[in-house]
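Q:
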Ligand SMILES: [Zn+2]
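Residue numbers (our numbering): 1372 to 1806.
(1) Opposite residue 1408 in the DSSP bridges: which residues?
(2) Assuming residue 1479 contacts residue 1560 (C-beta within less than 8 Å), just tell me the rounded distance between them.
(3) Give the straight-line distance between the Cα atoms of residue 1800 and residue 1716, rounded to the nearest whole angstrom.
(4) Is it right to say residue 1771 is buried, meaning 16 or more other beta carbons lie within 10 angstroms of its own, or is it exposed?
(5) Looking at residue 1454 and residue 1778, is the spacing between their C-beta atoms short of 7 Å?
(6) Just to confirm the assignment, what range does the alpha helix (DSSP H) spanning residue 1652 have?
(7) Roughly how many angstroms lie between the CA atoms of residue 1426 and residue 1524, to the nearest whole one?
(8) Tell me whether residue 1773, by its Cβ, gets closer than 6 Å to a heavy atom of ligand 1.
(9) Could you tell me which of 1477, 1774, 1514 and 1470 sits nearest to residue 1591, measuring between CA atoms?
(10) For ligand 1, I want to know if residue 1477 counts as a neighbour, meaning its beta carbon is within less than 6 Å of at least one of the ligand's heavy atoms.
(11) Should residue 1595 be counted as a contact of ligand 1 given a C-beta to heavy atom distance under 6 Å?
(12) Between the C-alpha atoms of residue 1403 and residue 1434, what's the straight-line distance to the nearest angstrom?
(13) Measuring CB to CB, does residue 1606 end up less than 7 Å from residue 1657?
(14) Taking three-plus beta-carbon pairs below 8 Å as touching, is the stretch 1782-1799 in contact with the stretch 1479-1497?
(15) Considering only heavy atoms of ligand 1, list every residue whose Cβ is less than 6 Å from one of them, following chain order.
(16) Do you know whose CA, among 1625, 1626, 1617 and 1627, lies nearest residue 1640's CA?
(17) Work out the CA separation of residue 1646 and residue 1652 for me, nearest whole Å.
(18) Going straight from the alpha carbon of residue 1537 to that of residue 1522, what length do you get?
(19) Name the two residues that bound the continuous beta strand (DSSP E) containing residue 1723.
In structure tokens, the structure reads:
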């Protein structure tokens, strides 16, 4: 792990109380202005980068982007004239409260031997690692037994107590009783579960209401388990919820103005999740041609999480290796057919300290995306999924000043994104390791 860079946690909005001569008027001082000179700018929207761009930041937002241009007099200029500037990266599938999950033992140890406060401390550390790697926004997709600790981490970041990305969180995922670990312990023992067990249509609605009450931005449920290949060559699975239950989860979530992410690996689980009307399919290894068509038709986002699949496969063995190859083929078909692929890694499923989540970009290019497409899948496309298109994902006037820079050209070498040198979030510089 790289050491944490230069920190500027103090609010960038400098508020001064100015008392006028009459002694009755107060006003706020103008927000702090910073200009960045970028050698090359990938703004997240244009097909071609802009060379020698000037980005003017006022307070926590981008005020203007101009090719060439001169910084206004008296404004602090950050010189990144030898670097490529990009929008802050977005990962739409993470687990801040998890630290590696290759085997059942890894998982059980964390739930049985680590307290939730201890796990939350590590979660805050993981949020800092993610920001250090250039991820200024993340959707954290369940706490794996750590209850609502993701809401607390999000709150601490929002309040400026700890550094980390902007967060949308899913709190506790859902499965029916007995369909997610911890399992296999004596019935005499009360052991924690990695999810909230939810049964029946009424139970589903109540669980959604409860999670939203405690701060869930997203509802996540496990559509399937027990993935296996059958004679048709398709990756099948056992579906967890009845259609009525899954539909109740989705309907209630949408009624409360939130969205649903479904873990769905096998074709049966993906089909069930699409029938229920979810907003994003997580993993999706078993996507068939027909299911890909349905994703396109319904405008459902796909979050492939290739990094974790490739990482856990050698340790898990069995069909997991075959699933990596299967997902590669599905990715290529989905890309051709225009599925909205949004970058998600499942960080936490692999150790935050061991692997940079930006590796996911490398897989997308290896699997057939152009570097620009891969960058979009981790900037503008997830911004849409999160409902934050007006705030993150692109470098343009009005958006939050969330920016990263790399020294080389990521359009020539996508692995540059694994070596982020500069990170700004909301106008505050969190890392600046030179040009
Ligand atoms: Zn996950």
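No residue lacks a Cβ here, since even glycine has one placed at the ideal position from N, Cα and C.
A: Taking the structure as given:
(1) 1425 and 1450
(2) Rounded, the Cβ-Cβ distance is 12 Å, inconsistent with contact.
(3) 25 Å
(4) buried
(5) yes
(6) It is not in any alpha helix (DSSP H) - residue 1652 instead sits in the beta strand (DSSP E) that spans 1651-1654.
(7) 31 Å
(8) no
(9) 1514
(10) no
(11) no
(12) 11 Å
(13) yes
(14) no
(15) 1464, 1466, 1512, 1717 and 1720
(16) 1617
(17) 12 Å
(18) 12 Å
(19) Premise fails: residue 1723 is in no beta strand (DSSP E) and is neither H nor E.
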